[in-house]
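J.:
Residue numbers (the working numbering), protein chains in the order written: chain A, 76 to 319; chain B, 5 to 182; chain C, 321 to 700.
(1) Here's the rule I'm using: 16 or more other beta-carbon atoms within 10 Å means buried, otherwise exposed. How should residue 374/C be labelled?
(2) Which class does residue 679/C belong to by DSSP, given the choice of helix, strand or coil?
(3) Which chain B residues are close to residue 570/C, counting only those with a beta carbon under 7 angstroms from its beta carbon?
(4) Mind checking which residues open and close the alpha helix (DSSP H) that includes residue 118/B?
(5) Would you report the Cα separation of residue 627/C and residue 92/B, rounded to the nearest angstrom?
(6) In chain A, which residues lie with their C-beta within 9 angstroms of the C-beta of residue 462/C?
(7) Using a Cβ-Cβ cutoff of 9 angstroms, what residues of the region 370-382 of chain C are near chain A? List them in chain order.
(8) Could you give the distance in angstroms between the alpha-carbon of residue 154/B and the alpha-carbon of residue 622/C?
(9) Enumerate in chain order the residues of its own chain whose CB-to-CB distance from residue 534/C is below 6 angstroms, with the five nearest sequence positions on each side excluded.
(10) If you measure between the beta carbons of residue 287/A and residue 119/A, is that distance less than 9 angstroms?
(11) Can you confirm whether residue 648/C, when its beta carbon is compared against all beta carbons of chain B, has any partner nearer than 9 angstroms?
(12) Can you list the alpha helix (DSSP H) stretches of 4 or more residues lying completely in the region 445-500 of chain C, in chain order?
(13) In chain order, what residues of the same chain have a beta carbon less than 8 angstroms from the beta carbon of residue 64/B, not counting five sequence neighbours either side?
(14) Using three-state DSSP, classify residue 647/C as helix, strand or coil.
(15) Determine the closest residue to residue 112/B out of 667/C, 416/C, 497/C, with distance taken between C-alpha atoms.
(16) Inspect the CB distances between the region 517-526 of chain C and the region 434-453 of chain C and report whether three or more fall short of 8 angstroms.
(17) Is the CB of residue 112/B under 9 angstroms away from at least one CB in chain C?
(18) How long is the line joining the alpha carbons of residue 86/B and residue 159/A, rounded to whole angstroms?
(19) Which one of 680/C, 509/C, 572/C, 652/C has the shortest CA to CA distance from residue 358/C?
(20) With a floor of 3 residues, list each beta strand (DSSP E) that falls wholly inside the region 101-154 of chain A, ordered by position along the chain.
(21) Looking at residue 42/B: is its Cβ nearer than 9 angstroms to the Cβ of residue 22/B?
(22) Roughly how many angstroms lie between the CA atoms of residue 689/C and residue 447/C, to the nearest whole one?
(23) Just the chain C side, please: which residues come within less than 9 angstroms of residue 132/A by C-beta, in chain order?
(24) At a CB-CB cut-off below 7 angstroms, which residues of chain A make contact with residue 160/B?
(25) With distances taken between CB atoms, is the gap from residue 767/C to residue 588/C smaller than 9 angstroms?
(26) Would you please state the rounded distance, in angstroms, between the beta carbons of residue 445/C and residue 699/C? I believe it to be under 8 angstroms.
(27) How many angstroms separate the CA atom of residue 182/B from the CA atom of residue 26/B?
(28) Does the beta-carbon of residue 110/A have 16 or more other beta-carbons within 10 angstroms, so that it is buried, or is it exposed?
(29) DSSP puts residue 189/A in a beta bridge; with which residues?
(30) If contact means a Cβ-Cβ distance below 9 angstroms, which residues of the region 140-154 of chain B contact chain C?
(31) Taking only beta-carbon atoms, is residue 339/C less than 9 angstroms away from chain B?
(32) Chain B beta carbons: is any one of them nearer than 9 angstroms to that of residue 408/C?
(33) Would you verify that the beta carbon of residue 514/C is, or is not, closer than 9 angstroms to some beta carbon of chain B?
(34) How would you write the range of the alpha helix (DSSP H) that residue 550/C sits in, first residue to last?
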């Protein structure tokens, strides 16, 4: 006696066998992003980069008295594993170059927090020839903490706000860097000269994250072309030819 | 101040240097003015005879009206316990002076600092490379002819701060005091 | 993973390699860089690279009024700001011929000694961290916070107080402050034996620190080393004793010294200086209530305050060494020139380079912390 296994599913009608269409896929993505954001906000690593005066208030914030670890925030020594770039005060032009290099090495999503008045408008050093005045011209900033310098409580309040923003999917300044790279590069070149370039291929990363817009490239990114052999993205077709 | 009040050991040193003028400013502070060509001899004598082992600092002052740089060598003796500040004036052009590195090792740091901040060149200094302003392309920033605010205004962007509440106050005759 | 656009760089065959130690390195105190050339673990060349914290203090001080600069000067050195205020204020007083009231002098000395303890606790924690003893760092930072709370009660700010102004201090001490201070001093003194067990008598620390980064007496004098680093070589030299300012000639205190001049000696000198500072503070607690009088001399309208023509060189024993301000006035409302001699301008650059040469790479951080090199005041 033979039993026929009944075929209950038809590839054209059963949902398990069907490729989801674009609308369904974006919905799925939203749900996954929501879960990922919730997870991200619970474990954040600050890059251990002491740039200015504010660095002196970080040890109390992180060690036993105020203990940031209970919020899930810890220092991390390498940029590749870090989530938060904390700019703790004034940035001299010389440091800004290193900060931009470091920022571009961090993996997305990444968050920049400007701590202290000097990152907002120059603060105490508003007429100093050596320090930059507004951080947001050179890097996309998620949050500023005002004060000279902010107290540990203020820093923790800022962290809580940042956690909330990440949880709600509002801390998306890093996308702006890819979407408007030309604007940021223009400001960087205005300060460092037209020869300024970094080894990180921001334009290719923008394509990778699907954040490439018409503002990603422009007249300022065109200046990077002379370093193309070394670093910068070739046109998409050329690139594929070389890969072949 | 007469030579009698001065410690004899210092008075003996000062007698050796021609055209030296000294005044006592406050307790333990001696201000000495002398010709630039005699300064290395004074430092050598102070170190050798009066125990002035510690070069506290070398300061540079820009005097645009005189067209001169003033160099001030602050020396401290752990024995005499008096600070001697030796002032010399060197012409801004060509802005060169001799290094005292062979007498006081710490001079290397201060001379390097003055070189990048004022543009004075010290002959014989072991290291005249830039230390702080390695990526600076402008003129030496400590010169009086360099305006920090002017540089900031043409390099950095300023955000005009005029929120609505401030405009209201200004309409009523108030505002930010400049 | 290598990026797709990676291009190998051709180097000549060599035993040596170059390493960038900083500016982003947890073993470096602040934002500072050392370019190190190495053969294996041994350092064959080292070059300090500063300027990452350069703010052009000396320039922007020339653009501000004498009194406005009071807010600016503490920011020169982040871990130990009050000596900066004190030295600047004293330079202004020397030029202007101001007489500081007696009570203000005692309050100033109290702030300076509290700041010295803060700085030492912070740096002793820092010295422990590069050899992996993080508990000491946590303790040091936590105990320093008690003093920051005292500063807050006194001045309203934790780190930058701007409390010492030319001619005196900003306000009198609040009620009950000396009792609180006395309580914290008792606490810290009782805590020191615990620090001994954890860190100062720890055989691991002794093994690591003995014989590392030795400065001899002759070298220390020739290189212009000052402060605790000089006293670790066996020379009892202190600006507070040699060139007394404020009330230090009326106080009884010892100048602790060690003889070996290595990392261990420098650490132990800092430990003894905490005890000496506690002693000084106890004397101040005892004497301050008896000294009555104003806390500030009368100043002219600070916005139109023209100091007489002249120059002055004020020296202070800061926590890291000799701090000096050279101020020049041409009779205007703004300084003509202010030169800052940072306490670590000597040992953070030249001495550090000389001590690290021939040593091993893992000792760089330890030597740097034991010298107490403070980059912000080198860069200014």
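Where is the CB? At the ideal position from N, CA and C, for every residue including glycine. All values reported here derive from a predicted model rather than from experimental measurement.
T.: Per the coordinate set shown:
(1) That one is buried.
(2) Residue 679/C sits in coil when the DSSP states are folded into three classes, being neither helix nor strand.
(3) Result: empty, since nearest Cβ-Cβ is about 16 angstroms, beyond 7 angstroms.
(4) Note, residue 118/B: alpha helix (DSSP H), 111-122.
(5) Cα to Cα, residue 627/C sits roughly 23 angstroms from residue 92/B.
(6) Think of a sphere of 9 angstroms around the beta carbon of residue 462/C: the chain A residues whose beta carbon falls inside it are 135, 138, 139, 140, in chain order.
(7) Those residues of the region 370-382 of chain C that come within reach of chain A (Cβ to Cβ, closer than 9 angstroms) are 371, 372, 373, 374, 375, 376, 377, 379, 380.
(8) Spanning the alpha carbons of residue 154/B and residue 622/C requires a straight line of approximately 26 angstroms.
(9) Same-chain partners within the cutoff: 581, 582.
(10) For residue 287/A and residue 119/A, no; Cβs fall outside 9 angstroms.
(11) Interface residue, yes.
(12) Taking 4 residues as the minimum length, the alpha helix (DSSP H) runs contained wholly in the region 445-500 of chain C are 454-475, in order along the chain.
(13) Closer than 8 angstroms at the Cβ level, and outside the excluded window around residue 64/B, lie 73, 74, 75, 76, 118, 121, 122, 124, 146.
(14) Strand at residue 647/C.
(15) When each option's Cα is compared against that of residue 112/B, the closest is 667/C.
(16) Verdict: yes, contact present.
(17) Under the Cβ distance rule, residue 112/B counts among the residues neighbouring chain C, one pair being separated by less than 9 angstroms.
(18) In this structure, the straight-line span from the alpha carbon of residue 86/B to that of residue 159/A is close to 52 angstroms.
(19) Comparing Cα positions, the closest option is 680/C.
(20) The region 101-154 of chain A contains these whole beta strand (DSSP E) runs: 119-122, 148-151.
(21) Against a cut-off of 9 angstroms, the Cβ pair of residue 22/B and residue 42/B comes out as a contact.
(22) When rounded, the distance between both Cα atoms is 5 angstroms.
(23) The contact set of residue 132/A on chain C, defined by CB atoms closer than 9 angstroms, consists of 478, 479 in chain order.
(24) The answer, in chain order, is 207, 208.
(25) Nothing about residue 767/C can be read from this structure; chain C reaches only from 321 to 700.
(26) Not really, about 23 angstroms apart at Cβ, beyond 8 angstroms.
(27) Residue placement at residue 182/B is flagged as unreliable, the pLDDT there being 49, under the threshold of 50; a coordinate-derived value is accordingly withheld.
(28) When all chains shown are included, residue 110/A counts as exposed.
(29) DSSP, once it has assigned bridges, lists 162/A, 219/A as partnering residue 189/A.
(30) The residues in question are 140, 145, 146, 148, 150, 151, 152, 153.
(31) Not closer than 9 angstroms to any Cβ of chain B, the Cβ of residue 339/C fails to qualify, so no.
(32) When Cβ-Cβ separations below 9 angstroms define contact, residue 408/C makes no contact with chain B.
(33) No Cβ of chain B is located within less than 9 angstroms of the beta carbon of residue 514/C.
(34) For residue 550/C, the enclosing alpha helix (DSSP H) starts and ends at 548-551.
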